[in-house]
Amino acid sequence: MKDLHELPKLRDSLSYLFVEHAIIEKNDNSIAILQKEGNIQVPVATLSTLLLGPGTSITHAAITVLAENGCLVAWVGEDCLKYYASGYGETRKAAHIIRQAELVSDPIKRGRVVRKMYQKRFGQMLGPELSLPQVRGLEGVRVREAYAEASKKTGVEWSGRNYDMNHWGATDTI
38 MKDLHELPKL RDSLSYLFVE HAIIEKNDNS IAILQKEGNI QVPVATLSTL LLGPGTSITH
98 AAITVLAENG CLVAWVGEDC LKYYASGYGE TRKAAHIIRQ AELVSDPIKR GRVVRKMYQK
158 RFGQMLGPEL SLPQVRGLEG VRVREAYAEA SKKTGVEWSG RNYDMNHWGA TDTI
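Using my numbering, the letters of the sequence shown correspond one by one to residues 38 to 211.
Structure below.
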């Protein structure tokens, strides 16, 4: 039996994987898909959804490692034409959205987030005395300077941006 390590390089998350006629077991922090043709190791941290087709059995340990890594598991019919059941994936958890709502709703916390994001993006600390409109103004200055610099480098004429928020179609093309 050959070992099938011919999955694509998983630099990005694999959106879904459909498996049928296999046994799926936990192997360290991955799952092993055992089939007649060979075995495949799948790192579960790179997997968003595992679709289990006909003839597939999965161990409790494999389900546990999938759940711990936020992978949705769904039981489906042949060619994914029928849907039988699924667990809850990461998108069903509300902790992140609740935290975002808390941060945006509290002016003090929101100000901290703005300053932290500005520092992360531009490598520059902002003073606590700056208001949100003033921070937006600083970002506007950066954008105008970047456009002017790009204009010089490329030779494309740019003399500012003119627009009417009520008529976006009439905005300058460049």
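Beta carbons: idealized from backbone N, C-alpha and C, even for Gly.
The model shown is predicted, which means the values in this text are computed figures rather than measured ones.
Ends of the alpha helix (DSSP H) at Tyr184? Locating residue 184 in the sequence shown gives position 147, where the first residue counts as 1. 169 to 191 is the extent of the alpha helix (DSSP H) around Tyr184.
Indicate the three-state DSSP secondary structure (helix, strand or coil) for Trp112 in the structure shown. Counting from 1 along the sequence shown, the entry for residue 112 is found at position 75. In this structure, Trp112 counts as strand in the three-state DSSP scheme.
Cβ-Cβ distance between Ile68 and Leu109 below 8 Å: Reading the sequence shown from its first residue, position 31 is the one you call residue 68. Reading the sequence shown from its first residue, position 72 is the one you call residue 109. Not in contact: Ile68 and Leu109 (Cβ atoms no closer than 8 Å).
Assign Ala59 to buried or exposed, taking buried as 16 or more other Cβ atoms, counted over all protein chains shown, within 10 Å of its Cβ. Taking the sequence shown and counting its residues from 1, the one referred to as residue 59 is at position 22. By the neighbour-count rule (16 or more Cβ atoms within 10 Å), Ala59 is buried.
Residues of its chain near Ser52, where Cβ-Cβ distance is below 8 Å and the 5 sequence neighbours each way are ignored: As a working note, residue 52 is residue 15 in the sequence shown. The residues are Ser85, Thr86.
Taking the beta carbon of Thr93 as the centre, do at least 16 other beta carbons fall within 10 Å, making it buried, or is it exposed? Taking the sequence shown and counting its residues from 1, one reaches residue 93 at position 56. Buried, by the Cβ-count rule.
Write down every uninterrupted run of the beta strand (DSSP E) in the segment 41 to 105 whose length is 3 residues or greater and which is fully enclosed by it, in chain order. As far as the segment 41 to 105 is concerned, its whole beta strand (DSSP E) runs of at least 3 residues are 51 to 56, 59 to 64, 67 to 72, 75 to 80, 84 to 89, 93 to 95.
Identify every residue that forms a DSSP beta bridge with His204. To locate residue 204, count along the sequence shown from 1; it is residue 167. Its beta-bridge partners are Asp201.
Do you know how far the Cα of Glu115 is from the Cα of Met202? Start at 1 with the first residue of the sequence shown, and residue 202 comes out as number 165. Start at 1 with the first residue of the sequence shown, and residue 115 comes out as number 78. Straight-line measurement puts the Cα of Glu115 at about 51 Å from the Cα of Met202.
Cα separation between Ala132 and Val151? Taking the first residue of the sequence shown as position 1, residue 132 is located at position 95. Taking the first residue of the sequence shown as position 1, residue 151 is located at position 114. Rounded to whole angstroms, Ala132 to Val151 spans 20 Å at the Cα level.
Alpha-carbon to alpha-carbon, Gly177 and Pro170: Counting from 1 along the sequence shown, the entry for residue 170 is found at position 133. Counting from 1 along the sequence shown, the entry for residue 177 is found at position 140. When rounded, the distance between both Cα atoms is 10 Å.
Quick check: what's the CA-CA separation for Lys46 versus Asp143? Along the sequence shown, read from residue 1 onward, the residue named residue 46 stands at position 9. Along the sequence shown, read from residue 1 onward, the residue named residue 143 stands at position 106. The predicted position of Lys46 is uncertain, since its pLDDT is 47 and thus under 50; no value can be drawn from it.
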